[in-house]
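Numbering (UniProt numbering), first residue to last: 1 to 138.
The beta-carbon is built from N, C-alpha and C at its ideal position, and this holds for glycine as well.
All figures in this text were calculated on a predicted structure; none of them were measured in a lab.
Working notes for the structure below.
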C-alpha cells in the first residue's frame with residue numbers, strides 16, 4: 001500500500017464511517033485487562049495512525065468512556081458506536097496529546113494485509129492464547 005492510499009472503515013452497523021491514509025505506524029496486540037473487557041475477547045488488535053491520517057468526521061453517533069483505571073495511570077478516551085456497540089477508536093485525553101489514534105484493525109477494510117508488529121502485556125495473556133505471529137520492524 002502506498003503512503004497516500006486511503007482505506008475505509010466502519011462499525012458493525014455502518015452508522016459510523018471513517019478513513020485512514022497509508023499503513024499504520026504500529027500494529028499492536030494488547031492483552032491488558034481493560035482492552036480485553038472493552039472487546040469482550042482474549043486481546044485487542046489495534047493499528048495506530050498519526051491523527052492527521054485519520055478522518056473520523058463520518059463518526060457522528062459515537063460514545064466515549066474516559067478510562068483512567070489502567071496500568072499507565074493516564075486517561076485513555078475509548079470511543080464506541082452508540083447503535084451497535086462496536087469499539088471504534090481510542091486516544092489519550094487532552095492532557096496527554098500524542099497525535100496518535102488507535103483503531104481495532106478489523107474495522108478497516110483490507111486490514112488483513114497487515115501483521116502485528118508488537119505484543120503488549122503478554123504476561124496477562126489468556127492461557128488458551130498461544131504464540132502470535134509478530135513482524136518485528138527491521
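Assigned exposure category for residue i - 16 Cβ within 10 Å defines buried
i: residue 6; result: exposed
i: residue 86; result: buried
i: residue 11; result: buried
i: residue 71; result: exposed
i: residue 138; result: Confidence is the limiting factor: at residue 138 the pLDDT is only 48, short of 50, which leaves the residue's position unreliable, though a coordinate-based value still follows. Flag for residue 138 reads exposed.
i: residue 35; result: buried
i: residue 128; result: exposed
i: residue 25; result: exposed
i: residue 33; result: exposed
i: residue 110; result: exposed
i: residue 134; result: exposed
Where the beta strand (DSSP E) containing residue i begins and where it ends
i: residue 77; result: 76–81
i: residue 63; result: 62–67
Nonlocal neighbours in the same chain, by C-beta distance under 7 Å from residue i, ignoring five residues either side
i: residue 38; result: 44, 78 and 87
i: residue 82; result: 61, 62 and 63
Which residues DSSP lists as bridging residue i, in chain order
i: residue 48; result: 26 and 102
i: residue 87; result: 80
i: residue 129; result: Residue 129 pairs with nothing; no bridge assigned.
Proximal residues to residue i (C-beta, below 8 Å), its chain only, five neighbours per side dropped
i: residue 92; result: 74, 75, 76, 77, 98 and 100
i: residue 120; result: 28, 29, 30, 31 and 32
Close beta carbons around residue i, own chain, < 6 Å, minus the five adjacent residues each side
i: residue 56; result: 18
Ranges of the beta strand (DSSP E) found wholly within the stretch 91–122, counting only runs of at least 3: 100–104 and 118–120
4-residue-minimum alpha helix (DSSP H) runs that sit fully inside the stretch 1–45, ordered along the chain: 33–39
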